[in-house]
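Input: a single structure, listed below in structure tokens.
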Amino acid sequence: MAANEKDIRCTSIVSANNLVGAEHYVVTWAGAKTANNTQVPAGVVRRGRANNLASEIIYQGSCMAYVTIGANASVAVGTKLSAGANGCFEICNNTFVAAVCLEANNTANNTHLLNVRVL
73 MAANEKDIRC
83 TSIVSANNLV
93 GAEHYVVTWA
103 GAKTANNTQV
113 PAGVVRRGRA
123 NNLASEIIYQ
133 GSCMAYVTIG
143 ANASVAVGTK
153 LSAGANGCFE
163 ICNNTFVAAV
173 CLEANNTANN
183 THLLNVRVL
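The numbering used here numbers the first residue of the sequence shown as 73 and each following residue consecutively.
Encoded structure:
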């Protein structure tokens, strides 16, 4: 789908949630955007579909995903990421590592579309 996708593995999830327009967001196995860092994500939405239709989810490989960078924080290549609020990855703080950042960004208090490696 996108030029930056590499070595991806995909699956489908049929969700009661509408994932149209949710591309690059992180979702749970129930098909909902992740809400916090205690959730184990299914992966990143590659192609979102309407509720009760199968959406394509990247569960492994390199792709673009939303990453929220907290206050006074930054990400570097190799920064460990976990699921976060609003379907975004966040810097991993002693929680389940779901991805690593493949690019650096130092704009704190913002959400960015960054290249990540989903584990």
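Yeah, the Cβ is synthetic: ideal placement off N, Cα and C, and Gly gets one too. Small disclaimer: the values here were computed from a predicted structure and weren't measured.
Neighbourhood of residue i by C-beta distance below 7 Å, restricted to the same chain and skipping five residues each side
i    : result
T167 : N109, T110 and S154
A107 : A157
Other residues of its chain near residue i: CB distance less than 6 Å, five sequence neighbours each side excluded
i    : result
Q112 : Going by the sequence as given, residue 112 is Val instead of Gln. F168.
Minimum C-alpha distance to residue i - residue among the options
i    : options             : result
V204 : R118, I163 and L174 : The structure shown does not extend to residue 204, since the chain is modelled only from 73 to 191, so the question has no answer here.
A88  : C82, A170 and K105  : K105
R189 : A107, T151 and I85  : T151
H96  : Y131, S84 and M136  : M136
Contact under 8 Å by Cβ, residue i with residue j
i   : j    : result
V98 : C173 : no
According to DSSP, residues forming a beta bridge with residue i
i    : result
H184 : V139
I163 : L153
A171 : L153 and V190
Legend entry - Any 3 or more C-beta pairs closer than 8 Å across the segment 137-151 and the segment 176-185: yes
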